[in-house]
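For reference, the structure discussed in these notes is given below.
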Amino acid sequence: MSISLHGRTLAGFMIAAATVTGVSASAFAAEKTLTVYTYESFITEWGPGAKVSEAFEKVCDCKVDYVGVADGVELLTRLKLEGEGSKADVVLGLDTNLVAEAKATGFFVPHGVDTTSVDVPGGFTDDTFIPYDYGHFAVVYDTEMLKSPPKSLRDLVEGDPTQKIVIEDPRTSTPGLGLLLWVKSVYGDRAGEAWAKLKARVLTVTPGWSEAYGLFTKGEAPMVLSYTTSPAYHMVAEDTERYQAAPFTEGHYIQIEVAALTKNAKDPELARKFLDFMIGPEFQSIIPTTNWMMPVTATKEPLPEAFGKLVEPRKTFLIPSEEVAANRRAWIDEWLTAMSRN
Amino acid sequence: MAAGGFALGGVLLFIGLAAGSLLAQSTGGNDAGPFLDAYIWRITRFTLLQAGLSTLFSVLLAIPVARALARQASFPGRIWMLRLLALPLGLPALVGALGLIEIWGRQGLLNRVLAAAGLEQPVSIYGLSGILIAHVFFNMPLAARLMLAGIERIPAEYWRTSANLGMSAFAIFRFIEWPVIRGLLPGIAGLVFMLCATSFTLVLTLGGGPAASTIEVAIYQALRFDFDPPRAIALAALQVALTGALLLVLKLIAPPPPEGETSGKSIRRSDGASSLSRLADRVWLVLAAGLVGLPFAAIAYAGSKADLFRLLSEPVFHRALAMSATISVLSAVISVAVTALMIRTESLALAQRRPGMTARFFAGAIGASTSFILLIPPVVLGAGWFLLLRPFGDVARFAPAVVVAINALMALPFVHRVLAPAMATHAVRTGRLAASLGIAGFQRLLWIDWPGLRKPLFVAFSFAMALSLGDLGAVALFGSQDMVTLPYLLYSRMGSYRTADAAGLALFLGLLCLVLTVLGTAGEEPEGKGA
Numbered sequence: 000m001s002i003s004l005h006g007r008t009l010a011g012f013m014i015a016a017a018t019v020t021g022v023s024a025s026a027f028a029a030e031k032t033l034t035v036y037t038y039e040s041f042i043t044e045w046g047p048g049a050k051v052s053e054a055f056e057k058v059c060d061c062k063v064d065y066v067g068v069a070d071g072v073e074l075l076t077r078l079k080l081e082g083e084g085s086k087a088d089v090v091l092g093l094d095t096n097l098v099a100e101a102k103a104t105g106f107f108v109p110h111g112v113d114t115t116s117v118d119v120p121g122g123f124t125d126d127t128f129i130p131y132d133y134g135h136f137a138v139v140y141d142t143e144m145l146k147s148p149p150k151s152l153r154d155l156v157e158g159d160p161t162q163k164i165v166i167e168d169p170r171t172s173t174p175g176l177g178l179l180l181w182v183k184s185v186y187g188d189r190a191g192e193a194w195a196k197l198k199a200r201v202l203t204v205t206p207g208w209s210e211a212y213g214l215f216t217k218g219e220a221p222m223v224l225s226y227t228t229s230p231a232y233h234m235v236a237e238d239t240e241r242y243q244a245a246p247f248t249e250g251h252y253i254q255i256e257v258a259a260l261t262k263n264a265k266d267p268e269l270a271r272k273f274l275d276f277m278i279g280p281e282f283q284s285i286i287p288t289t290n291w292m293m294p295v296t297a298t299k300e301p302l303p304e305a306f307g308k309l310v311e312p313r314k315t316f317l318i319p320s321e322e323v324a325a326n327r328r329a330w331i332d333e334w335l336t337a338m339s340r341n
Numbered sequence: 000m001a002a003g004g005f006a007l008g009g010v011l012l013f014i015g016l017a018a019g020s021l022l023a024q025s026t027g028g029n030d031a032g033p034f035l036d037a038y039i040w041r042i043t044r045f046t047l048l049q050a051g052l053s054t055l056f057s058v059l060l061a062i063p064v065a066r067a068l069a070r071q072a073s074f075p076g077r078i079w080m081l082r083l084l085a086l087p088l089g090l091p092a093l094v095g096a097l098g099l100i101e102i103w104g105r106q107g108l109l110n111r112v113l114a115a116a117g118l119e120q121p122v123s124i125y126g127l128s129g130i131l132i133a134h135v136f137f138n139m140p141l142a143a144r145l146m147l148a149g150i151e152r153i154p155a156e157y158w159r160t161s162a163n164l165g166m167s168a169f170a171i172f173r174f175i176e177w178p179v180i181r182g183l184l185p186g187i188a189g190l191v192f193m194l195c196a197t198s199f200t201l202v203l204t205l206g207g208g209p210a211a212s213t214i215e216v217a218i219y220q221a222l223r224f225d226f227d228p229p230r231a232i233a234l235a236a237l238q239v240a241l242t243g244a245l246l247l248v249l250k251l252i253a254p255p256p257p258e259g260e261t262s263g264k265s266i267r268r269s270d271g272a273s274s275l276s277r278l279a280d281r282v283w284l285v286l287a288a289g290l291v292g293l294p295f296a297a298i299a300y301a302g303s304k305a306d307l308f309r310l311l312s313e314p315v316f317h318r319a320l321a322m323s324a325t326i327s328v329l330s331a332v333i334s335v336a337v338t339a340l341m342i343r344t345e346s347l348a349l350a351q352r353r354p355g356m357t358a359r360f361f362a363g364a365i366g367a368s369t370s371f372i373l374l375i376p377p378v379v380l381g382a383g384w385f386l387l388l389r390p391f392g393d394v395a396r397f398a399p400a401v402v403v404a405i406n407a408l409m410a411l412p413f414v415h416r417v418l419a420p421a422m423a424t425h426a427v428r429t430g431r432l433a434a435s436l437g438i439a440g441f442q443r444l445l446w447i448d449w450p451g452l453r454k455p456l457f458v459a460f461s462f463a464m465a466l467s468l469g470d471l472g473a474v475a476l477f478g479s480q481d482m483v484t485l486p487y488l489l490y491s492r493m494g495s496y497r498t499a500d501a502a503g504l505a506l507f508l509g510l511l512c513l514v515l516t517v518l519g520t521a522g523e524e525p526e527g528k529g530a
């Protein structure tokens, strides 16, 4: 009895809520529809989403439908929750660290697209996942607060502990995991010691990038873990060179964002066409100033001037995703132990 | 009786189904190792430590603040002070944290004052102190409002008698106010403890490092990188068990507040008129106003620098506003209605001359269910319902309904703390009279219940609305183009370098909450009359 009543009330809410908000306005067009799962910032009004779908719709005789979740990690969670019933044709926005786990779901199929034009530092290639942009992690600093930024990871670890940095938590965020892997790449077995030393410089560890960058721009710390491309946003959109990325002599850890075709794709040919379009000049030209990441193939026009001023890492670190998947828990434990010590 | 049973059944079913469907989701190959490892022990210890201290400070500070507000029943701006105290409820944690940073941070007001005074700085709050400051900021006002409502329910006759007896301020506190506050403490302290125990963004952002992690962080971790739903459920169960034991102890050691009949005359307190008590009250009120008000002032100032006109004219903003308003009104209505039903059933079950085991168990279950909901992370409920609804088509279509239901549930404990004591007092005062006059049904509702309960109902409704207005929770999981709320929009701006936009949205969210708190004090009589 209580079940039926509950069911009825819930249905009531649904009808009420659906009427008020007018949900599900999409997917009624007669033409083919391509459903792309991505992260939320891709499809905001200033993100690449709208421009990309407009450009692709001109050549595909189809309609592009986006489903956006919080971020790349959430994207994988969403797919696992949806399982076989997922309506995703293309998933765009995982990063290379998640590739092994994504493959393990058995949800993706080889793309069969010619990717010889793709050129990312470190030379990542895969038969299932295609890179569409990349960025290097970097320590971004405030030039008004810090006159001599660290020149290397070692500098950062051993430098003046009164000059603080805000970092992200590897348990909850992608940049946090990025820094963890960066330190691992440089320090190897001695990563724990490095973290124990760096701890003195860490003002706080935030759950995500937004909190860290918010604290940084409020002036709470002169340094934050972000991307080499962050200064481009401030130069292009805010016309200021105040925030700069510090080039590190050891090299930088890379984040490569990838997309793939799902085995559920209603029209694999259309999905493949999209992936091909994704590494073409039109799509690639949209990326830099909307997603604030670096393109992976040639763009139609040269990149904006600000991109020329960005740090170009001399060396790129990328730990194979299988290795990351196998060791992530142990490395995070190492980090926890080192960072929790008093 | 039956209606309350259905409400309770509905709530339990909603949670049970979500948990069950997550547990059934076997991920395989996810070897998490032993469940209760050193890591889990450490974060459990820290969760209890920070939540215990946060609760202690919030409640201890709330007592003098509530008492000052009760004693000084008429001063200019009193009603705005009441509204200010309801404001933090509707503030997303990240916005609150950034507002607090403007005051307590390394570049904040405090450090600038210290620097101007030539003292050593910066004083850094990152660590346990930062967590405590943030939790007191968010929870002391709530505790003070709930206590104040209790003190204001003390019958006018008590005050007349105390004046006739010439009782000292201390005697009044000891014999009149403290018994009432003590009776409310388990409910209030329990609520604050749960809020602090499940705190996530504040703890990590201000905690200074992973040594400051709560169980909630591990739950989030389990549902994110690890995608291990059974582990998430086990951790949530651990959280419920620990906090449940604590709440039970609180309930056992504190007796219920005394109820007294009253003729309902307006209250006249003669204490609080001496210059000494006036000064003391003023100090507490200024302190509380500063503690709560300054971060809001900082948020407003930061927001005023944003391009507000452009922001407010964006279509996406209008959509987010409409969505947030719809969700918060619907969930507040549901939450208040369900809670009122459950409280009524609880009291009916216990009102029998000799309540049997079943009745007592039933009443206990209702009381407990309104408490423990907060301990089940919205992300767990959201993920569970996602799995349940999956077979019925596009889950995004159901998202608004699920978000409304989750928000309504999350507001239950707050609404319960506001309504339960008020309804108990109301029942004692009017129950027999109404029965002897044969007033029942709609007549009773209109002539007796509405005038008597109007004030707490308004408060409960505004609390519930503010809560779901500031909630990000489940929306993120269901996120689709069609479902944008104000906090979601704010986080999304923040996540793509648009800090100024985010500050503007935070200002707007604060203003909206302020409007809601005006609604919440709608039951107050005009200034000067007190309650």
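Here the protein sequences line up with chains R and Z, keeping their order. Residue numbers for the first sequence follow numbering that gives the first Met the number 0, beginning at 0 and rising by one. Residue numbers for the second sequence follow numbering that gives the first Met the number 0, beginning at 0 and rising by one. Just so it is clear, CB atoms sit at the ideal spot from N, CA and C, and this is done for glycine as well.
Asked	Found
Buried or exposed by the 16-neighbour rule on C-beta atoms within 10 Å, applied to residue 10 (chain R)	With a pLDDT of 38 at residue 10 (chain R), under the threshold of 50, the predicted position of this residue should be treated as unreliable, though the coordinate-derived value follows. Residue 10 (chain R) should be labelled exposed.
When R:328, R:320, R:332 and R:279 are compared against residue 95 (chain R), the one with the closest alpha-carbon	R:320
Buried or exposed by the 16-neighbour rule on C-beta atoms within 10 Å, applied to residue 327 (chain Z)	buried
Whole-number beta carbon distance between residue 145 (chain Z) and residue 416 (chain Z), since they are thought to touch under 8 Å	5 Å
Whole-angstrom C-beta distance between residue 263 (chain R) and residue 52 (chain R), which should lie under 8 Å	Not really, about 20 Å apart at Cβ, beyond 8 Å.
Spatial neighbours of residue 28 (chain R) in its chain, beta-carbon cut-off 7 Å, leaving aside the 5 residues before and after	Model confidence at residue 28 (chain R) stands at a pLDDT of 45, short of 50, so the residue's coordinates are unreliable and nothing is read from them.
Start and end residues, beta strand (DSSP E) containing residue 67 (chain R)	61 to 68
Interface partners of residue 100 (chain Z) on chain R, CB under 9 Å	213, 214, 217 and 219
Short-range partners of chain Z found in the stretch 254 to 285 of chain R, where Cβ spacing is below 8 Å	none
Residue from Z:149, Z:265 and Z:59 with nearest C-alpha to residue 421 (chain Z)	Z:149
Burial state of residue 323 (chain R), where buried means 16 or more other Cβ atoms lie within 10 Å	buried
Proximal chain Z residues relative to residue 84 (chain R), where beta-carbon distance stays under 7 Å	389
The stretch 196 to 206 of chain R touching the stretch 196 to 216 of chain Z, judged by at least three CB pairs closer than 8 Å	yes
Candidates R:236, R:251, R:132 and R:48, of which the one nearest residue 499 (chain Z) by Cα	R:236
Neighbour-count burial assignment, residue 329 (chain Z), 16 or more Cβ in a 10 Å radius	buried
Three-state secondary structure (DSSP) of residue 281 (chain R)	helix
Proximity below 9 Å, CB of residue 314 (chain R) to CB of residue 240 (chain R)	no
Proximal residues of chain Z, C-beta to C-beta of residue 210 (chain R) below 9 Å	93, 96, 97, 200, 203, 204 and 493
6 Å Cβ shell around residue 401 (chain Z) - same chain, five flanking residues per side excluded	384
Meets three-Cβ-pair contact criterion under 8 Å: the stretch 210 to 219 of chain R and the stretch 95 to 109 of chain Z	yes
Cβ neighbours of residue 512 (chain Z) in the same chain (closer than 6 Å, five flanking residues each side left out)	86, 89 and 465
Where residue 448 (chain Z) falls: helix, strand or coil (DSSP)	helix
The stretch 490 to 510 of chain Z / the stretch 292 to 307 of chain Z touching (three or more Cβ pairs under 8 Å)	yes
Local conformation of residue 355 (chain Z) per DSSP, three classes	coil
6 Å CB neighbourhood of residue 594 (chain Z) in its chain, flanking five on each side removed	Summary: the structure shown does not reach residue 594 (chain Z), with chain Z confined to residues 0 through 530, and so no result is reported for it.
Min CB distance residue 225 (chain Z) to chain R below 9 Å	yes
For residue 295 (chain R) and residue 118 (chain R), the rounded distance between their alpha carbons	5 Å
Other residues of its chain near residue 53 (chain Z): CB distance less than 6 Å, five sequence neighbours each side excluded	131, 134 and 195
Interface residues of the stretch 27 to 53 of chain R facing chain Z [CB-CB below 8 Å]	39, 40, 42, 43, 44, 45 and 46
Straight-line gap, residue 141 (chain Z) to residue 365 (chain Z) (C-alpha atoms, nearest Å)	22 Å
Under 9 Å between C-beta atoms of residue 407 (chain Z) and residue 350 (chain Z)	no
Where residue 79 (chain R) meets chain Z, residues with beta-carbon distance less than 7 Å	226
N- and C-terminal bounds of the alpha helix (DSSP H) containing residue 80 (chain Z)	77 to 85
Option in Z:189, Z:187, Z:216 and Z:188 with minimal Cα separation from residue 201 (chain Z)	Z:216
Short CB-CB distance (under 9 Å) between residue 105 (chain Z) and chain R	yes
Under 9 Å between C-beta atoms of residue 168 (chain R) and residue 203 (chain Z)	yes
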